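Start counting the sequence shown at 7; every next residue gets the next number (the numbering used here).
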Amino acid sequence: MARSDAAGRSPSLPVRSALSWLTNALLLAIVAAGLRGVDVAGAGSLLMAAAVFGVLNTLLKPVLRFVTLPLALLTFGAAWFFVSMLMLAVTNSIVSGFFIYGFWTLVKATLIVWIVNLVLDLAPGPWQLTGRRRRRRQRLGARS
């Protein structure tokens with residue numbers, strides 16, 4: 007059932023994009039603060055890495071997830087962990103001020119990204135105004 011008030015409408019594209027970008031920046035800042043092998047040259051590099059990471063996750067990740075679907079079914083989803091690792095590795099390659107040193111640091115960084123995203127999926131907050139998180143919150147609200 008569609009709601010007519012402003013709370014029921016999806017935020018505008020610029021608002022959704024800004025929230026996604028800031029969420030990615032926070033996520034990458036958590037990774038950089040939590041791991042010794044991840045360095046960010048400054049706030050500008052962090053924001054650039056967040057933008058690149060967001061674009062990769064929006065454009066490339068869905069294609070790679072579709073392509074790797076048969077492998078993901080065989081590995082019970084583990085293949086998609088490597089797709090997520092690839093998104094961080096490509097971000098590392100593109101952004102000159104964002105550095106992830108070593109394979110195992112990349113694995114740990116990917117785990118942190120997954121855990122933070124899980125927490126964001128479960129915790130209420132402004133990041134749930136966009137995409138899947140917003141739809142899930144609306145479904146849960148409609149049930150109660």
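Using N, Cα and C, we set each Cβ at its ideal position, and we do this for glycine too.
Predicted model, so just to flag it, every value in this text is computed and none were measured.
From the options, residue whose alpha carbon lies closest to that of residue i
| i | options | result |
| --- | --- | --- |
| valine 89 | Val113, Val101 and Ser102 | Val113 |
| valine 44 | Val125, Ser102 and Leu124 | Ser102 |
| asparagine 123 | Leu65, Leu32 and Val21 | Leu32 |
| arginine 42 | Phe104, Leu92, Leu128 and Asp127 | Phe104 |
| alanine 115 | Met93, Val125, Leu126 and Ile100 | Met93 |
| leucine 66 | Ile118, Val119 and Met91 | Met91 |
| alanine 35 | Ser23, Ala56 and Ser99 | Ala56 |
Straight-line Cα distance separating residue j from residue i
| i | j | result |
| --- | --- | --- |
| serine 18 | isoleucine 106 | 34 Å |
| glycine 108 | methionine 54 | 21 Å |
| proline 130 | valine 46 | 29 Å |
| glycine 83 | leucine 28 | 28 Å |
For residue i, the residue or residues it bridges with in DSSP
| i | result |
| --- | --- |
| valine 46 | Phe104 |
Beta-carbon proximity list for residue i, same chain, < 6 Å, skipping 5 on both sides
| i | result |
| --- | --- |
| phenylalanine 59 | Asn30 and Thr97 |
Other residues of its chain near residue i: CB distance less than 8 Å, five sequence neighbours each side excluded
| i | result |
| --- | --- |
| tryptophan 86 | Arg71, Thr74 and Ala78 |
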